[in-house]
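Undergrad: For the sequence shown, the working numbering begins at 13 and goes up steadily by one.
Sharing a structure below in structure tokens format, with a few things to ask.
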Amino acid sequence: MNTQTIIDISIPLSPFTIVYPGNPQIEIEEIKSEASKSTISKITSGSHNGTHIDAPKHAIENGKSISDIPLDVFIGHCRVIDCTADTEAVSRETLESNHIQSGERILLKTSNSQKGYKEFYPDFVYLSPEGAQYLSELGIALVGIDYFSIKQKGSTDNRPHTLLLEKDIPIIEGIDFSQVEPGEYTIVAFPLKYMGIDGAPARVVLLK
Ligand SMILES: [Zn+2]
């Protein structure tokens, strides 16, 4: 028996899932086959809906696609960092105070998780460009954040995407940390095996 606790930090996917403005909504159409008496569903969705992973191709020309990233990046030790005191953006200072090491998987818990995911709000907490630069220079393995984008809505400063993705650091977006205390865990976050595209949904869990 597995004695580890599994904490599901994925957002439920349905036609009611909020999506980032401009992204395709999730549509699910149930199709019944009279002949075989079976049910299948036709699913329509953007690649960045719900809990999902950004690949370099999302923001970098000729960058790696989601299927190019080795799976060992998506499983292993991780740290959930408490960023709830940062009310606008996760600052470099907050990251520095956590003594992050090269090669770590770092998940940013902000106040977004307390607000929930029932409606979209544009003033979500994002990763500051200076914070992204710090994590990029450190060379972490993976970063995650608890809203549908890691960068500020409406900002033309794309560094939170580009600085991380040009170093082949995948970004998990749309994580729900409402039931998660900061600390150390094992993460399992395998993206669906869509070939050659910019990102894909993932069922992301923490093991304690
Ligand atoms: Zn994304």
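Ideal placement from N, C-alpha and C gives every residue a C-beta, glycine not left out.
Owing to the predicted nature of the structure, the values given are computational and were not obtained by experimental measurement.
Residues in its own chain within less than 6 Å of Phe136 by CB, not counting five upstream and five downstream?
TA: Residue mapping note: residue 136 aligns to position 124 of the sequence shown, counting from 1. For Phe136, where only same-chain residues beyond five positions count, the Cβ hits under 6 Å are Asn124 and Tyr159.
Undergrad: For the region 116-135 and the region 146-156, state whether three or more C-beta atom pairs, one from each stretch, are separated by less than 8 Å.
TA: Yes: at least three Cβ pairs fall under 8 Å.
Undergrad: Roughly how many angstroms lie between the CA atoms of Pro36 and Lys54, to the nearest whole one?
TA: For the purposes of this step, residue 36 is identified with residue 24 of the sequence shown, where counting begins at 1. For the purposes of this step, residue 54 is identified with residue 42 of the sequence shown, where counting begins at 1. Straight-line Cα distance between these residues: approximately 15 Å.
Undergrad: Quick check for students: name the residue ranges of the beta strand (DSSP E) that lie wholly in the region 84-142, counting only runs of 3 or more.
TA: If we require 3 residues or more, the beta strand (DSSP E) runs fully inside the region 84-142 come out as 87-94 and 117-121.
Undergrad: So the candidates are Leu25, Gln16 and Ile18; which of them puts its Cα closest to the Cα of Gly186?
TA: Working through the sequence shown from its first residue, we reach residue 186 at position 174. Nearest of Leu25, Gln16 and Ile18 to Gly186, Cα basis: Leu25.
Undergrad: Between the region 61-70 and the region 92-104, are three or more C-beta pairs nearer than 8 Å?
TA: The answer is no - the region 92-104 does not touch the region 61-70, with fewer than three Cβ pairs under 8 Å.
Undergrad: Looking at C-alpha atoms only, which residue of Lys130, Glu73, Leu175 and Leu204 is the closest neighbour of Leu150?
TA: By one-based count along the sequence shown, residue 150 stands at place 138. Looking at the Cα atoms, Leu175 is the closest of the given residues.
Undergrad: Assuming Thr174 is part of the alpha helix (DSSP H), what are its boundary residues?
TA: Indexing the sequence shown from 1 puts residue 174 at position 162. Here the alpha helix (DSSP H) through Thr174 covers Arg171 to Leu177.
Undergrad: Starting from the C-beta of Gly115, find all residues in its chain whose C-beta is less than 6 Å away, skip the five residues before and the five after it, and write them out in chain order.
TA: The residue given as residue 115 occupies position 103 in the sequence shown. Hits under 6 Å: Ala153.
Undergrad: Counting only the same chain and skipping the five closest in sequence on each side, list residues whose C-beta sits under 7 Å from that of Asp98.
TA: By 1-based counting over the sequence shown, the position of residue 98 is 86. Counting only Cβ-Cβ distances below 7 Å, and skipping sequence neighbours, we find Thr106, Thr122 and Val137.
Undergrad: With hydrogens ignored, establish whether the beta-carbon of Glu185 is closer than 6 Å to any heavy atom of ligand 1.
TA: Within the sequence shown, the letter at position 173 stands for residue 185. Indeed, a heavy atom of ligand 1 lies less than 6 Å from the Cβ.
Undergrad: Quick check on the burial criterion: 16 or more other C-beta atoms within 10 angstroms. Buried or exposed for Gln164?
TA: Position 152 of the sequence shown, counting from 1, holds the residue named residue 164. By the 10 Å Cβ count, Gln164 comes out buried.
Undergrad: Check Glu149 in the structure and name its three-state DSSP category.
TA: Residue mapping note: residue 149 aligns to position 137 of the sequence shown, counting from 1. Looking at Glu149 - three-state DSSP - the assignment turns out to be helix.
Undergrad: In angstroms, rounded to a whole number, what distance separates the CA positions of Gln16 and Thr168?
TA: Translated into positions along the sequence shown, residue 16 becomes position 4. Translated into positions along the sequence shown, residue 168 becomes position 156. Distance between the alpha carbons of Gln16 and Thr168 is about 43 Å.
Undergrad: Would Ile78 pass as a contact of Ile209 if the rule is Cβ separation under 7 Å?
TA: Looking up residue 78 in the sequence shown gives position 66. Looking up residue 209 in the sequence shown gives position 197. Contact flag set, yes.
Undergrad: Taking CB distances under 7 Å as the criterion, tell me whether Ile187 reaches chain C.
TA: In summary, chain C is missing from the structure at hand, where a single protein chain is found.
Undergrad: Is any heavy atom of ligand 1 found at a distance shorter than 6 Å from the C-beta of Gly156?
TA: Working through the sequence shown from its first residue, we reach residue 156 at position 144. The answer is no for Gly156.
Undergrad: Hey, how far is the Cα of Ile52 from the Cα of Ala201?
TA: The count along the sequence shown starts at 1 and reaches residue 52 at position 40. The count along the sequence shown starts at 1 and reaches residue 201 at position 189. For Ile52 and Ala201, the distance between alpha carbons rounds to 25 Å.
Undergrad: When the distance is taken between beta carbons, is Ser103 closer than 7 Å to Gly143?
TA: Residue 143 sits at position 131 when you count from the first residue of the sequence shown. Residue 103 sits at position 91 when you count from the first residue of the sequence shown. Yes, Cβ-Cβ distance for Gly143 and Ser103 is below 7 Å.
Undergrad: In its own chain, which residues sit with a C-beta less than 7 Å from the C-beta of Lys44, not counting the 5 before and 5 after it?
TA: Here residue 44 is taken as the residue at index 32 of the sequence shown, counted from 1. Correct list, in chain order: Thr51.
Undergrad: To which residues does DSSP link Leu154 through a beta bridge?
TA: Sequence index remark: in the sequence shown, residue 154 carries index 142 (1-based). In DSSP, Leu154 forms a bridge with Arg117.
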